[in-house]
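Chains as they are written, first to last, in full-length UniProt numbering: chain P, 1 to 189; chain D, 1 to 189.
First up is the structure itself, then whatever we jot down about it.
2 protein chains.
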Amino acid sequence: MSPLSPSDDDGPPLRADAQRNRARILDAAEAVFAELGAGASTEEVARRAGVAIGTVFRHFPTKNDLLAAIMKRLLARLVAEAGELGGGDGLFTFFSRLVAQAAGKRSVVDLLARAGVEIRLPDTVGHLEQAVGELLRQAQEAGTVATAVRLPEVMALLISVCQGALHGGWDAGLQERTLGVIFGGLRGH
Amino acid sequence: MSPLSPSDDDGPPLRADAQRNRARILDAAEAVFAELGAGASTEEVARRAGVAIGTVFRHFPTKNDLLAAIMKRLLARLVAEAGELGGGDGLFTFFSRLVAQAAGKRSVVDLLARAGVEIRLPDTVGHLEQAVGELLRQAQEAGTVATAVRLPEVMALLISVCQGALHGGWDAGLQERTLGVIFGGLRGH
DNA sequence: TGACAAGCTGAGTCTCCACTCACTATTCTC
DNA sequence: GAGAATAGTGAGTGGAGACTCAGCTTGTCA
Chain P
1 MSPLSPSDDD GPPLRADAQR NRARILDAAE AVFAELGAGA STEEVARRAG VAIGTVFRHF
61 PTKNDLLAAI MKRLLARLVA EAGELGGGDG LFTFFSRLVA QAAGKRSVVD LLARAGVEIR
121 LPDTVGHLEQ AVGELLRQAQ EAGTVATAVR LPEVMALLIS VCQGALHGGW DAGLQERTLG
181 VIFGGLRGH
Chain D
1 MSPLSPSDDD GPPLRADAQR NRARILDAAE AVFAELGAGA STEEVARRAG VAIGTVFRHF
61 PTKNDLLAAI MKRLLARLVA EAGELGGGDG LFTFFSRLVA QAAGKRSVVD LLARAGVEIR
121 LPDTVGHLEQ AVGELLRQAQ EAGTVATAVR LPEVMALLIS VCQGALHGGW DAGLQERTLG
181 VIFGGLRGH
């Protein structure tokens with residue numbers, strides 16, 4: 001893994017054009033990887049962003065760095081989303097939203113799956129676990145989730161169901177029924 | 001997709017050495033893809049099988065054909081395994097065994113996920129659905145699974161949980177607790 | 001056992017893709 | 001607005017991996 005990518009560290013601030021391009025590249029990469037999976041070429045990202053390929057590599061020295069940067073944004077968004085939920089149904093809502101996203105976008109899941117393997121993002125992943133943990137706590141307090149349920153299996157289910165939704169191309173009905181089974185299991189009865 | 005691979009069609013029977021090599025290639029491929037995922041090189045498969053790479057391509061004109069052949073064997077085994085189970089716990093046992101396999105081997109899941117995407121194996125996948133459907137029917141008859149549960153969500157959960165186990169590297173305890181939640185959901189209370 | 005078909009071999013081709021770098025263009029600073 | 005620093009460009013490099021094929025080997029069958 002390269003050292004910190006520009007705009008992450010505290011080095012000299014980026015030039016205006018560089019900031020613009022960096023944002024364009026991130027957006028393009030997110031879209032491209034969402035459509036084609038993490039196997040999509042860096043060239044395609046550059047084309048979509050409207051920059052030369054060299055520019056992509058200037059900002060993200062390796063393809064992995066680019067993936068990591070996207071992953072970080074995605075996770076940060078999820079954490080934010082989780083942070084806004086709560087109460088008895090927060091955890092369930094979070095599950096549903098994640099799955100709905102996963103069914104359409106390869107990136108979320110393709111990347112989620114890589115966390116901890118090729119990409120190291122312990123902090124951000126930790127934050128997500130923390131946020132989900134809080135949702136779990138609130139749900140258990142409200143009595144909508146059995147107290148025997150622990151965080152690791154909730155995370156495991158979250159990842160599983162995203163993977164499944166992605167690969168299986170679930171429609172809305174199947175999503176609902178599948179989650180229904182899991183929610184039943186979480187409730188305990 | 002290429003036409004039928006040798007030994008699937010009814011053309012002239014394979015020569016003895018060809019049969020031997022075909023079997024070796026399939027075994028090697030299964031092992032290699034299990035370890036390294038479907039991205040492993042055909043060269044590695046040839047090396048492990050102790051044949052030249054040309055031989056692999058003689059038997060399986062494209063890498064996809066090779067993957068399809070392995071997939072077919074894997075699914076056939078799963079169907080056979082499902083066929084031997086039954087009663088109130090058959091479905092649960094099947095789930096547990098699949099997940100236990102998935103946690104160790106990339107192939108099962110990596111390939112399961114591709115069914116219907118790159119690889120076309122409608123018959124065999126259909127057979128698996130049929131076999132799982134029978135397990136579901138028996139479990140519902142025995143009262144261990146709620147009657148509201150339908151086959152599609154069972155398949156969806158099966159695939160999800162395999163994906164999750166694969167990517168997350170679950171240990172035995174996590175497997176058990178995660179499946180516990182799902183089993184609870186299937187039971188209905 | 002000889003002859004022919006079937007199968008095996010592996011160096012070589014082709015394509016794709018991550019990544020580089022010498023050069024040019026833009027922005028910033030004073 | 002000029003000079004310096006920063007950023008952009010895109011043809012080029014290197015490597016990996018799927019797939020081919022001309023020549024050699026082996027099994028089969030009369």
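For glycine and all other residues, C-beta sits at the position ideal for the given N, C-alpha and C.
Computed from a predicted model, the values in this text were never measured in an experiment.
Output the distance between the C-alpha atoms of residue i and residue j, rounded to the nearest integer angstrom.
i	j	result
LEU98 (chain P)	ALA34 (chain D)	29 Å
ALA80 (chain D)	ALA68 (chain P)	42 Å
ALA40 (chain D)	VAL32 (chain D)	7 Å
HIS189 (chain D)	ALA82 (chain P)	28 Å
ALA180 (chain P)	PRO12 (chain P)	Inspection of the sequence shows that residue 180 (chain P) is occupied by Gly rather than by Ala. GLY180 (chain P) and PRO12 (chain P): Cα-Cα distance of roughly 51 Å.
GLY173 (chain D)	ALA156 (chain P)	12 Å
GLU43 (chain D)	LEU36 (chain D)	13 Å
ILE53 (chain P)	GLU30 (chain P)	16 Å
VAL56 (chain P)	THR62 (chain P)	9 Å
VAL154 (chain D)	THR178 (chain P)	8 Å
ALA131 (chain P)	ALA103 (chain P)	22 Å
ALA148 (chain P)	GLY133 (chain P)	14 Å
PHE92 (chain D)	LEU74 (chain P)	35 Å
VAL161 (chain D)	VAL161 (chain P)	7 Å
ARG58 (chain P)	ALA16 (chain D)	57 Å
Can you name, in chain order, every residue of its own chain whose Cβ lies under 6 Å from the Cβ of residue i, other than the five neighbours on each side?
i	result
HIS127 (chain D)	VAL79
ALA28 (chain D)	VAL45, ARG48 and ALA49
LYS105 (chain D)	ALA34
THR144 (chain P)	GLY88
Would you grab the beta carbon distance between residue i and residue j for me? Rounded to a whole angstrom, and I think it's under 8 Å.
i	j	result
LEU135 (chain D)	GLY184 (chain D)	That belief does not hold up - the Cβ atoms of LEU135 (chain D) and GLY184 (chain D) are roughly 18 Å apart, past 8 Å.
GLN163 (chain D)	ALA100 (chain D)	Actually they are not in contact, since the Cβ atoms of GLN163 (chain D) and ALA100 (chain D) sit about 14 Å apart, beyond 8 Å.
ALA142 (chain D)	ARG187 (chain D)	Contact flag wrong, Cβ pair sits at about 11 Å.
ILE70 (chain D)	LEU26 (chain D)	6 Å
GLY87 (chain P)	GLN138 (chain P)	6 Å
residue 194 (chain D)	ILE182 (chain P)	In the structure displayed, chain D extends from 1 to 189; residue 194 (chain D) sits before or after that span and is not available.
LEU85 (chain P)	PHE94 (chain P)	6 Å
Report whether the distance from the Cβ of residue i to the nearest heavy atom of the ligand HEM is below 8 Å.
i	result
GLY39 (chain P)	With respect to the ligand HEM, the structure offers nothing, as it holds no ligand at all.
Tell me which residues share the same chain as residue i and place their Cβ nearer than 7 Å to its Cβ, disregarding the 5 neighbours each side in the sequence.
i	result
ALA76 (chain D)	THR124
Can you give me the Cβ contacts of residue i inside the same chain, cut-off strictly under 8 Å, excluding the 5 residues immediately before and after it?
i	result
LEU151 (chain P)	GLU129, VAL132, GLY133 and LEU136
VAL51 (chain D)	ASN21, ARG24 and ILE25
Listed from N- to C-terminal order along the chain, which residues in the segment 155-170 of chain D have their beta-carbon within a distance smaller than 7 Å of any beta-carbon of chain P? For the segment 155-170 of chain D, which is checked against every Cβ of chain P, the residues closer than 7 Å are ALA156, LEU157, ILE159, SER160, VAL161, GLN163, GLY164, HIS167, GLY168 and TRP170.
Using a Cβ cut-off of 9 Å, which residues of the segment 136-154 of chain P contact any Cβ in chain D, in chain order? For the segment 136-154 of chain P, which is checked against every Cβ of chain D, the residues closer than 9 Å are ALA146, ALA148, VAL149, ARG150, PRO152, GLU153 and VAL154.
Are three or more beta carbon pairs between the segment 166-186 of chain P and the segment 14-25 of chain D nearer than 8 Å? The answer is no - the segment 14-25 of chain D does not touch the segment 166-186 of chain P, with fewer than three Cβ pairs under 8 Å.
Could you name the residues of the segment 174-186 of chain P whose beta carbon sits closer than 8 Å to any beta carbon of chain D, in the order they occur along the chain? Against chain D - using a Cβ distance shorter than 8 Å - the residues of the segment 174-186 of chain P are LEU174, ARG177, THR178, GLY180, VAL181, ILE182, PHE183, GLY184, GLY185 and LEU186.
Members of the segment 85-101 of chain P that neighbour chain D once the beta carbon cut-off is set at 9 Å: Hits within the stretch: zero.
When you check each C-beta in the UniProt domain "HTH tetR-type" (19-78) of chain P against every C-beta of chain D, which residues fall closer than 7 Å? If the cut-off is 7 Å between Cβ atoms, the UniProt domain "HTH tetR-type" (19-78) of chain P has nothing near chain D.
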